[in-house]
Every structure is written in C-alpha cells, then in structure tokens.
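K.L.:
Residue 979 is where the sequence shown starts when you use my numbering, and the numbers rise one by one after that.
By construction, the Cβ of each residue, glycine as well, lies at the ideal position given by its N, Cα and C atoms.
The structure follows.
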Amino acid sequence: MRMARFAVIGDPIAHSLSPQMHQAAYRELNLEHTYEAIRVSLGSVEAELERLVGEGYHGVNVTVPLKEAALAWSIPDAFAQAARAVNTLELRRRRGVNTDGPGFVQVLDRLGVAKDASVLLLGAGGSARAIALSVRASGRALAIWNRTAERAEALARACDGQVETELDLGAYDVVVNATSASMAGESLPLEGADRKAGVAIDLYYSGGATPFMERLSHLGWQAHDGRELLVEQGALSFEFWLGVAAPREAMRTAVGL
Ligand code: NDP
C-alpha cells in the first residue's frame, strides 16, 4: 500500500490526539499515508462511512459516541461482538474490530502489572465492557464498581468478574477509572486508598492530571492518564490495517509520553 487515507471519527473530535500520533508513526516508517479527524454526529454515521468508502479511505478509528453504530455497520469479529463496540474499521470489506480491550491489557503488561494482580474497574459503560472482557481473558482477577449497581452486576456476569459495592481501593493492585466522571471534572467517592499504593489508570486524557489521578498520586499511587491506552489501541489498529509492527516509541513521543 503506497499511500492510503485514514481518519478518526467521533463527536466531539477536535481534542483527539490520534491524528498527530498516527502521522508520527507514518513519518517514522517513511510511509505516505494520511490520517485526519472528522467530526461525525450519531445521526449521520452510515452516510459518512459510505462517503469515506466511496472516496477510497482504507480505515477509520471510531470514538465516542459512535462505537455501537460502527458495530451495526460493520462485519465485526467475535471479540467486537462480545464487547458490543467497534473502534477500528477496515472500510472496503467492512471489517470491524475492537482494540480497546487488548490495548488495555498491553498497557497493564507495559506497566509491569503482574499476571496475578487484582484489578478494580470503575464504570460499566462501553469502554469498560471491552476492558473487562480482556482483563479477565488475561487471567487477572477483576472487580467492577459502577454508580448504577445493576450495570456492574450485568457486566460482572458477562465477564465472570466480581462486583464491588463499597468502592474500597485498599484491596486492589490496580484501579482503572472507566467512568466519564473525569470528562466532567468530577471526582469519585474513593475509600481505602491510603492503605495501599498501587497503579491508577484513568482512561480520560485532557492534558493535565484528572481529579482521580491527583487524589491517588497524592497518596503515593503511580497514576497514568488515557494516553497510555490511546497509544496501545492505536498501535493495534495500525497493525490491523498495515500488517507491520507499529513504532510505539514514536507514537508515545507524539502524544507527550
Ligand atoms: P459511557 O458513556 O459508555 O459510560 C460512562 C460510565 O461512566 C458509566 O459507567 C457511568 O455510570 C459512569 N459515570 C458517568 N458520570 C459519572 C459520575 N459523575 N460519577 C460516577 N460514574 C459516572 O462512556 P465510555 O465507556 O465510552 O467512556 C468512558 C471514559 O473512557 C471517557 O472518559 C472516555 O473519554 C474514556 N475513553 C478513553 C479511551 C482512550 O483511548 N484513552 C478509549 C475509550 C474511552 P452509570 O452507569 O451509573 O451511568
């Protein structure tokens, strides 16, 4: 593939670091591909995807709030189907995959999180589901807390995990914030974090520490923002489309890691 077109679609999309990250990867490997951000509203996903197919785009990443619509439009693989969300499309053949879950496990491995570590997942929304399935498949123990308890129970059943009702962090090695509380600048009612210092990962990124990260790093936890997942899910998308190893260090540098 000499020159191919790629994009990320979502709404809002202006904040996305995906274009600069993928463009850095192309530069690193002397590829002439292009990657842009396109704002697409939920009501126009199908028409927009058809337009991109018609214009010869090779692949797109899909972000909030379009991942379920991308699932419906595509021919998803088994994992995307189980996750009920597609974040990566190969347009010509309509292939849909989900790299958020496997990408998150690569983040855990990269941060040196042991295979027998216990993970507490906060949230039971779209990204939490993919992450929960992959964390369980990696063999790690998983408990789920969610503001709406019934959704935590349903997700725990789907991935054979536990439900946490107290939000007591003291019993876990890793805590993942997959709620959208950070997007709204809100904090969560975290307890027990002073009894232990583990690894804290917020899926959100905005250029600064979130209230969740600030609170836990103050107590000695090793806190990371959503750029860790951004790079790993993006690297897996790159490899799905192009079939060559993604230059992860160049991608990390491009997003300031
Ligand atoms: P969803 O809308 O599907 O889910 C939102 C979740 O957040 C629900 O569990 C909801 O709980 C919970 N929630 C919302 N507000 C609050 C609050 N004030 N207090 C407690 N819980 C709250 O969102 P997604 O799963 O798609 O995304 C979640 C986050 O992950 C976003 O910040 C997104 O930006 C980020 N993300 C980052 C990625 C990356 O590459 N870095 C990839 C994917 C997602 P309830 O069920 O009670 O409503």
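(1) Taking the continuous beta strand (DSSP E) assigned at residue 1237, which residues delimit it?
(2) Quick one: grab the DSSP three-state call for residue 1126.
(3) Three or more beta-carbon pairs under 8 Å between the region 1202-1217 and the region 1173-1186, yes or no?
(4) The beta strand (DSSP E) that contains residue 1004, what's its start and end?
(5) Does residue 1118 pass the burial test, meaning 16 or more other C-beta atoms within 10 Å, or should it be called exposed?
(6) Taking residue 1038 as part of the beta strand (DSSP E), name the residues at either end of that continuous run.
(7) Just reading off the alpha helix (DSSP H) that residue 1104 is part of, what are its end residues?
(8) Just to confirm my understanding: we take residue 1000, look at its own chain, exclude 5 residues before and 5 after, and list those with CB closer than 6 Å. What are they?
(9) State yes or no: is the C-beta of residue 1043 within less than 7 Å of the C-beta of residue 1020?
(10) Could you say if the region 1062-1070 and the region 1099-1118 meet the contact criterion of at least three C-beta pairs nearer than 8 Å?
(11) Mind checking whether the beta-carbon of residue 1126 lies closer than 6 Å to any heavy atom of the ligand NDP?
(12) Step through the CB atoms of chain B and report whether any lies within less than 7 Å of the CB of residue 1047.
(13) Taking 7 Å as the threshold (C-beta atoms), are residue 1165 and residue 1189 in contact?
(14) Which parts of the region 1001-1084 are runs of the beta strand (DSSP E), unbroken and 3 residues or longer, counting only runs that do not cross its ends?
(15) Do residue 1102 and residue 1130 have their C-beta atoms within less than 7 Å of each other?
(16) Helix, strand or coil: which one does DSSP assign to residue 1101?
(17) Rounded to whole angstroms, how far is the Cβ of residue 1111 from the Cβ of residue 1156, which I believe are closer than 8 Å?
(18) Rounded to the nearest angstrom, how far is the Cβ of residue 1217 from that of residue 1224, given a contact under 8 Å?
(19) Please report the Cβ distance between residue 1088 and residue 1034, rounded to the nearest whole angstrom; I am assuming they are in contact, meaning their Cβ atoms lie under 8 Å.
(20) So what's residue 1202 in DSSP terms, helix, strand or just coil?
(21) What whole-angstrom Cβ distance do residue 1074 and residue 1058 have, given they're in contact under 8 Å?
(22) May I ask you to list the residues that DSSP assigns as paired with residue 1120?
(23) Helix, strand or coil for residue 1135? Go by DSSP, reduced to three states.
(24) When we look at the beta-carbon of residue 1230 and count the other beta-carbons within 10 Å, is it buried (16 or more) or exposed?
(25) Could you tell me whether the Cβ atoms of residue 997 and residue 1015 are closer together than 7 Å?
(26) Within the present structure, is the beta-carbon of residue 1182 separated from the nearest heavy atom of the ligand NDP by less than 6 Å?
(27) Based on Cα-Cα distance, which residue from 1011, 1080, 1091, 1162 lies nearest to residue 1152?
P.N.:
Taking the geometry as given:
(1) For the chain, the structure presents residues 979 to 1235; residue 1237 sits outside this window and is missing.
(2) Position 148 of the sequence shown, counting from 1, holds the residue named residue 1126. In this structure, residue 1126 counts as coil in the three-state DSSP scheme.
(3) yes
(4) Here residue 1004 corresponds to residue number 26 of the sequence shown, with the count starting at 1. That residue, residue 1004, is in no beta strand (DSSP E); its alpha helix (DSSP H) goes 996-1006.
(5) Taking the first residue of the sequence shown as position 1, residue 1118 is located at position 140. Residue 1118 comes out buried.
(6) One-based indexing of the sequence shown puts residue 1038 at position 60. That run of the beta strand (DSSP E) goes 1037-1040.
(7) Stepping through the sequence shown from its first residue, residue 1104 is reached at position 126. Where residue 1104 is concerned, the enclosing alpha helix (DSSP H) stretches over 1104-1115.
(8) Position 22 of the sequence shown, counting from 1, holds the residue named residue 1000. Once the five neighbours on either side are set aside, the close Cβ partners of residue 1000 are 1013.
(9) As a position in the sequence shown, residue 1043 is number 65, starting the count at 1. As a position in the sequence shown, residue 1020 is number 42, starting the count at 1. Taking 7 Å as the Cβ cut-off, residue 1043 and residue 1020 qualify as a contacting pair.
(10) yes
(11) Here the question's residue 1126 lines up with position 148 in the sequence shown. Yes, Cβ of residue 1126 sits closer than 6 Å to a heavy atom of the ligand NDP.
(12) Annotation note: the requested chain B is absent from the structure, which comprises a single protein chain.
(13) Residue numbering aside, residue 1189 sits at position 211 when the sequence shown is read from its first letter. Residue numbering aside, residue 1165 sits at position 187 when the sequence shown is read from its first letter. The answer is yes: Cβ separation under 7 Å.
(14) Within the region 1001-1084, the complete beta strand (DSSP E) runs of at least 3 residues fall at 1012-1017, 1037-1040, 1066-1068, 1073-1075.
(15) Taking the sequence shown and counting its residues from 1, the one referred to as residue 1102 is at position 124. Taking the sequence shown and counting its residues from 1, the one referred to as residue 1130 is at position 152. A contact, by the Cβ cut-off of 7 Å.
(16) Numbered from 1 along the sequence shown, position 123 holds the residue referred to as residue 1101. Three-state DSSP puts residue 1101 in coil, outside helix and strand.
(17) To locate residue 1111, count along the sequence shown from 1; it is residue 133. To locate residue 1156, count along the sequence shown from 1; it is residue 178. Not confirmed; about 12 Å, so no contact.
(18) On the sequence shown, residue 1217 is found 239 positions in, with the first residue counted as 1. On the sequence shown, residue 1224 is found 246 positions in, with the first residue counted as 1. Sure, about 5 Å apart at Cβ, within 8 Å.
(19) Taking the sequence shown and counting its residues from 1, the one referred to as residue 1088 is at position 110. Taking the sequence shown and counting its residues from 1, the one referred to as residue 1034 is at position 56. Wrong, their Cβ atoms sit about 35 Å apart, outside the cutoff.
(20) For the purposes of this step, residue 1202 is taken as the residue at position 224 of the sequence shown. In the displayed model, residue 1202 falls within a strand according to three-state DSSP.
(21) Position 96 of the sequence shown, counted from the start, is the residue given in the question as residue 1074. Position 80 of the sequence shown, counted from the start, is the residue given in the question as residue 1058. The pair is a contact, with the Cβ atoms about 5 Å apart (cut-off 8 Å).
(22) As a position in the sequence shown, residue 1120 is number 142, starting the count at 1. Answer is 1097, bridged to residue 1120.
(23) Here residue 1135 refers to the residue found at position 157 when the sequence shown is read from its first residue. Helix.
(24) Here residue 1230 is taken as the residue at index 252 of the sequence shown, counted from 1. The residue is buried, with at least 16 neighbouring Cβ atoms inside 10 Å.
(25) Within the sequence shown, the letter at position 19 stands for residue 997. Within the sequence shown, the letter at position 37 stands for residue 1015. Going by C-beta atoms, residue 997 is nearer than 7 Å to residue 1015.
(26) If you number the sequence shown from 1, residue 1182 lands on position 204. Yes, since a heavy atom of the ligand NDP falls inside the 6 Å radius drawn around the Cβ of residue 1182.
(27) Against the sequence shown, residue 1152 aligns to sequence position 174. Nearest C-alpha to residue 1152: 1091.
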